[in-house]
Amino acid sequence: MNRTRTLASAMLAATLTAGASTNSSAAAGDTVKIGVMLPFSGIYAQLGEAGRDGLKLALKEQASQLHGSRVEFIELDTEAKPARAPELASSLLNQHKADFVIGPVHSGVAMGMIKVLRGKDTVMIIPNAGSAAATGPLCAPNVFRTSFSSWQPSYPMGQVALDRGYKKVYAISWNYGMGRESLEAFAESFTAGGGEIVKMELLPFPSTNFQPHVSDIANSKPDAVFTFFAGGGAIKFAKDYEASGLLGKIPLLGSGFLTEGTLPAQGKAAEGIVTTLHYAEELDIPKNHQFRKAFHAEYGKYPDIYAVQGYDAGQAIASTIDMLGGDISDKQAVIKTMEKLTIDSPRGAFTFSKAHNPIQNIYLREVENGVNVVKGIAAEALEDPARGCKA
Numbered sequence: 000m001n002r003t004r005t006l007a008s009a010m011l012a013a014t015l016t017a018g019a020s021t022n023s024s025a026a027a028g029d030t031v032k033i034g035v036m037l038p039f040s041g042i043y044a045q046l047g048e049a050g051r052d053g054l055k056l057a058l059k060e061q062a063s064q065l066h067g068s069r070v071e072f073i074e075l076d077t078e079a080k081p082a083r084a085p086e087l088a089s090s091l092l093n094q095h096k097a098d099f100v101i102g103p104v105h106s107g108v109a110m111g112m113i114k115v116l117r118g119k120d121t122v123m124i125i126p127n128a129g130s131a132a133a134t135g136p137l138c139a140p141n142v143f144r145t146s147f148s149s150w151q152p153s154y155p156m157g158q159v160a161l162d163r164g165y166k167k168v169y170a171i172s173w174n175y176g177m178g179r180e181s182l183e184a185f186a187e188s189f190t191a192g193g194g195e196i197v198k199m200e201l202l203p204f205p206s207t208n209f210q211p212h213v214s215d216i217a218n219s220k221p222d223a224v225f226t227f228f229a230g231g232g233a234i235k236f237a238k239d240y241e242a243s244g245l246l247g248k249i250p251l252l253g254s255g256f257l258t259e260g261t262l263p264a265q266g267k268a269a270e271g272i273v274t275t276l277h278y279a280e281e282l283d284i285p286k287n288h289q290f291r292k293a294f295h296a297e298y299g300k301y302p303d304i305y306a307v308q309g310y311d312a313g314q315a316i317a318s319t320i321d322m323l324g325g326d327i328s329d330k331q332a333v334i335k336t337m338e339k340l341t342i343d344s345p346r347g348a349f350t351f352s353k354a355h356n357p358i359q360n361i362y363l364r365e366v367e368n369g370v371n372v373v374k375g376i377a378a379e380a381l382e383d384p385a386r387g388c389k390a
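Note that the sequence shown covers residues 0 to 390 in numbering that gives the first Met the number 0.
In structure tokens:
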């Protein structure tokens, strides 16, 4: 049923018609095919839907910049299963001839996609997956991110922990790319400043059997805990942590996904959790206010970081098409144009690094009364080191 849904909903998937343009080129007015490889079922379903909704909102808002081009979406459900990635990416590349491929959420899926799409004319825009390899050893001219590298949100938290006087930290996550790399990024900055990782616990993905590990945290008595979990896993971990009586006793720190899009379900279990991330719903930025209002009007709910990242993928596509006068037939020109963009994002304006990661602020946030309140900037205009990138 999932595979049927992908292609059925795909063709249904919305065709946007842009306003007419007097500057149309020979190729303007053609159909722009956008493949969307996101999870629409399973533990990351809500993340995939948010990214897809943000993407479509941006292209709807900026339809006049498309120079008469129509947008056709082909939606494929990755189910957050890496094994499906090569097949789905191949279908978008070879069968559907997608101009752009947006995805995925899961870092393991990203690796499978990149193996197929790397070096091709199709432009891949990653709206979430933070795997270091994507813009590190596997970097390529046609692979961009509108999200983050796994290193970016977690690295600044090491200094935050040191500044708060924490000397011993227990680190825990899932045993997959994003989980391991998030813990390693935190440990890099924390240990450089003299901190000690008392234990680094990696659980099978997507296990949410957290209770034995929460008990181990209690027995270990660290100064604080650092974690990466997202979606349903983040909800369950926070609730188990609070139920064990640790909330308020051992500070819980995390990559911002721990409390992103999860706060209503976490409830009081999220209070006081401190995170670092490149967005917060309360950011006092005109573009953020505008975006949140428009997203709520379109979908009847307020956006989270996953929606922001999808929205910025849509903005990148629309701006590129606009700057090329609607003619995206020269794929090298598409890539060169996108590289030079400044994206007016709800998170604050950002540009792309040479490895095509966003150069962006990382904000320090704390949950207060069910909201991620911005406490400051943990790292300004932070650029991922892109280790291993030779493109």
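Using N, Cα and C, we set each Cβ at its ideal position, and we do this for glycine too.
In the stretch 293-358, which residue ranges form an unbroken beta strand (DSSP E) of at least 3 residues, counting only runs that do not cross its ends? 349-351
Measuring only from the beta carbon, is residue 162 closer than 8 Å to any heavy atom that is part of the ligand NAD? Questions concerning the ligand NAD fall outside what the structure shown contains, since it holds no ligand whatsoever.
Is residue 350 near residue 333, with beta carbons less than 9 Å apart? Numbered from 1 along the sequence shown, position 351 holds the residue referred to as residue 350. Numbered from 1 along the sequence shown, position 334 holds the residue referred to as residue 333. Not a contact, by the Cβ cut-off of 9 Å.
Can you grab the Cα-Cα spacing for the pair residue 23 / residue 95, in whole Å? Counting from one through the sequence shown, the residue named residue 23 turns up at place 24. Counting from one through the sequence shown, the residue named residue 95 turns up at place 96. Unreliable positioning characterises residue 23 in this predicted model, as indicated by a pLDDT of 34, which lies under 50. A coordinate reading is not provided.
Uninterrupted beta strand (DSSP E) stretches inside the stretch 143-176 (no shorter than 3 residues): For the stretch 143-176, the continuous beta strand (DSSP E) assignments of 3+ residues that do not extend past its boundaries occur at 167-173, in sequence order.
Please name the residue, chosen from 87, 70, 207 and 68, that lies closest to residue 77 on a Cα-to-Cα basis. Locating residue 77 in the sequence shown gives position 78, counting from the first residue. Minimum Cα distance to residue 77 is reached at 87.
If you check the beta carbons only, do residue 362 and residue 258 fall under 9 Å apart? As a working mapping, residue 362 is identified with position 363 in the sequence shown. As a working mapping, residue 258 is identified with position 259 in the sequence shown. No, these two residues do not count as a Cβ contact at 9 Å.
From residue 187 to residue 225, what does the alpha carbon distance come to, in whole angstroms? Your numbering for residue 187 matches position 188 in the sequence shown. Your numbering for residue 225 matches position 226 in the sequence shown. Whole-angstrom Cα-Cα distance: 13 Å.
Take every Cβ of the stretch 65-84, pair it with every Cβ of the stretch 295-306, and state whether three or more of those distances are shorter than 8 Å. The stretch 65-84, when compared against the stretch 295-306, does not touch it at the 8 Å Cβ threshold.
Length of the line joining the Cα atoms of residue 342 and residue 314: Position 343 of the sequence shown holds residue 342. Position 315 of the sequence shown holds residue 314. Roughly 7 Å between the two C-alpha positions.
Assuming residue 391 contacts residue 100 under a Cβ cut-off of 8 Å, what Cβ separation, rounded to an integer in Å, is found between them? This structure leaves residue 391 out entirely; the chain is present only between 0 and 390.
Helix, strand or coil for residue 134? Go by DSSP, reduced to three states. Locating residue 134 in the sequence shown gives position 135, where the first residue counts as 1. Correct three-state label for residue 134: helix.
Runs of beta strand (DSSP E) lying entirely within the stretch 237-304, each at least 3 residues, in chain order: Counting only runs of 3 or more, we get 251-254 and 273-276.
Bridge-paired residues (DSSP) for residue 34: Sequence index remark: in the sequence shown, residue 34 carries index 35 (1-based). Paired residue(s): 73 and 100.
With DSSP run on the structure shown, which of helix, strand or coil describes residue 53? For the purposes of this step, residue 53 is taken as residue 54 along the sequence shown, with counting starting at 1. In the structure shown, residue 53 sits in a helix (DSSP, three-state: H, G or I).
Taking only the alpha-carbon atoms, compute the straight-line gap between residue 137 and residue 124 and give it to the nearest angstrom. As a position in the sequence shown, residue 137 is number 138, starting the count at 1. As a position in the sequence shown, residue 124 is number 125, starting the count at 1. Whole-angstrom Cα-Cα distance: 14 Å.
Three-state secondary structure (DSSP) at residue 228? Counting from 1 along the sequence shown, the entry for residue 228 is found at position 229. Look at residue 228 here: in three-state DSSP terms it is coil, with no helix or strand label.
Helix, strand or coil at residue 139 [DSSP, three-state]: On the sequence shown, residue 139 is found 140 positions in, with the first residue counted as 1. Coil.
Residue 219 versus 198, 66, 373 and 58, residue with shortest Cα-Cα distance: Position 220 of the sequence shown, counted from the first residue, corresponds to residue 219. Residue nearest to residue 219 within the set 198, 66, 373 and 58 is 198 (criterion: CA-CA distance).
Same chain, Cβ closer than 8 Å to residue 282, five either side skipped, listed in chain order: Here the question's residue 282 lines up with position 283 in the sequence shown. Excluding positions up to five away in sequence, the list reads 345, 346, 347, 362 and 373.
Any idea which residues DSSP pairs residue 371 with across the strands? Along the sequence shown, one-based indexing puts residue 371 at 372. BP columns for residue 371 point to 366.
Here's the rule I'm using: 16 or more other beta-carbon atoms within 10 Å means buried, otherwise exposed. How should residue 296 be labelled? Numbered from its first residue, the sequence shown carries residue 296 at position 297. Residue 296 should be labelled exposed.
Sequence-distant residues of its chain with Cβ nearer than 8 Å to residue 375 (five each side left out): Reading the sequence shown from its first residue, position 376 is the one you call residue 375. Excluding residues within five positions, the ones whose Cβ falls inside 8 Å are 362 and 363.
If you reduce the DSSP assignment to three classes, tell me which class residue 183 lands in. For this step, residue 183 is matched to residue 184 along the sequence shown. In this structure, residue 183 counts as helix in the three-state DSSP scheme.
In angstroms with no decimal places, state the Cα-to-Cα distance between residue 21 and residue 336. Numbered from its first residue, the sequence shown carries residue 21 at position 22. Numbered from its first residue, the sequence shown carries residue 336 at position 337. For residue 21, the predicted model reports a pLDDT of 31, less than 50, meaning its position is unreliable and no value from the coordinates is stated.
Could you give the DSSP three-state label for residue 86: helix, strand or coil? Taking the sequence shown and counting its residues from 1, the one referred to as residue 86 is at position 87. In the three-state scheme derived from DSSP, where H, G and I count as helix and E and B as strand, residue 86 is classed as helix.
Figure out for me which residue from 65, 175 and 58 has the closest Cα to the Cα of residue 322. Your numbering for residue 322 matches position 323 in the sequence shown. If we check each option's Cα against that of residue 322, 65 comes out closest.
Do you know offhand how far residue 211's Cα is from residue 30's? Taking the sequence shown and counting its residues from 1, the one referred to as residue 211 is at position 212. Taking the sequence shown and counting its residues from 1, the one referred to as residue 30 is at position 31. Residue 211 and residue 30 have their C-alpha atoms roughly 53 Å apart.
Enumerate in chain order the residues of its own chain whose CB-to-CB distance from residue 358 is below 8 Å, with the five nearest sequence positions on each side excluded. Working through the sequence shown from its first residue, we reach residue 358 at position 359. For residue 358, where only same-chain residues beyond five positions count, the Cβ hits under 8 Å are 349, 350, 351, 352, 380, 381 and 382.
Chain-order list of residues whose beta-carbon lies under 6 Å from that of residue 81 (same chain, five-residue window excluded): Counted from its first residue, the sequence shown places residue 81 at position 82. Excluding its 5 nearest sequence neighbours in each direction, residue 81 has C-beta neighbours in its own chain below 6 Å: 107, 108 and 111, listed in chain order.
How about the stretch 143-151 and the stretch 266-274: do they share at least three Cβ pairs that are nearer than 8 Å? no
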